[in-house]
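Here is the structure we will look at, set down as structure tokens.
In our numbering, the protein residues as written are 1005 to 1112.
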């Protein structure tokens, strides 16, 4: 049993936890970064807010922006964080050299 297999077994048994630097892995250029899950919702919130401001009134645009920010921070970002963690964990636990490389870069 290799060290990586032993680590996988300990993770499966919930005896250890894997820490991932989410900010480093959720940036463009990272192999687990998905631009659509980061950019599209923010763009939709801004377009909705600007559209509401132009078509109806400033107060409606501000309310749409506030509701969008609440949704972004409270509902969407935890899902993004979990997805980045899951994709990173699957990537680094697949190969020993990959694990060592990301460990050396301070991601794990």
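Built from N, CA and C at the ideal position, the CB exists for glycine as well.
Would you give the residue range spanned by the alpha helix (DSSP H) that residue i belongs to?
i: residue 1018; result: Per DSSP, residue 1018 belongs to no alpha helix (DSSP H) and is neither H nor E.
i: residue 1086; result: 1081-1096
i: residue 1102; result: 1100-1108
Who are the near neighbours of residue i in its chain, counting only those whose CB is closer than 6 Å to its CB and skipping five residues on each side?
i: residue 1093; result: 1022
i: residue 1113; result: In the structure as shown, the chain begins at 1005 and stops at 1112. Residue 1113 is therefore absent and cannot be evaluated.
i: residue 1014; result: 1020
i: residue 1065; result: 1053, 1056, 1057
i: residue 1068; result: 1052, 1053, 1056
Residue i: which of the options sits nearest, CA to CA?
i: residue 1053; options: 1099, 1070, 1032, 1038; result: 1070
i: residue 1110; options: 1079, 1024, 1047; result: 1024
i: residue 997; options: 1058, 1043, 1050; result: Past the edges of the chain, shown from 1005 to 1112, lies residue 997, and the structure says nothing about it.
i: residue 1038; options: 1018, 1073, 1090; result: 1090
Should residue i go down as buried or exposed, given a rule of 16 or more other Cβ atoms within 10 Å for buried?
i: residue 1075; result: exposed
i: residue 1088; result: buried
i: residue 1029; result: buried
i: residue 1107; result: exposed
i: residue 1051; result: exposed
i: residue 1060; result: exposed
8 Å is my cut-off, CB to CB: does residue i come that close to chain D?
i: residue 1104; result: The chain labelled as chain D is not found in the depicted structure, where only one protein chain is given.
Leaving out five residues on either side along the sequence, give the residues of the same chain with a beta carbon under 7 Å from the beta carbon of residue i.
i: residue 1102; result: 1095, 1096
i: residue 1035; result: 1095
i: residue 1045; result: 1076, 1080
*Quick one: which unbroken alpha helix (DSSP H) runs of 4-plus residues sit fully inside the segment 1010-1075? Chain order, please.*
1026-1029, 1039-1059, 1062-1075
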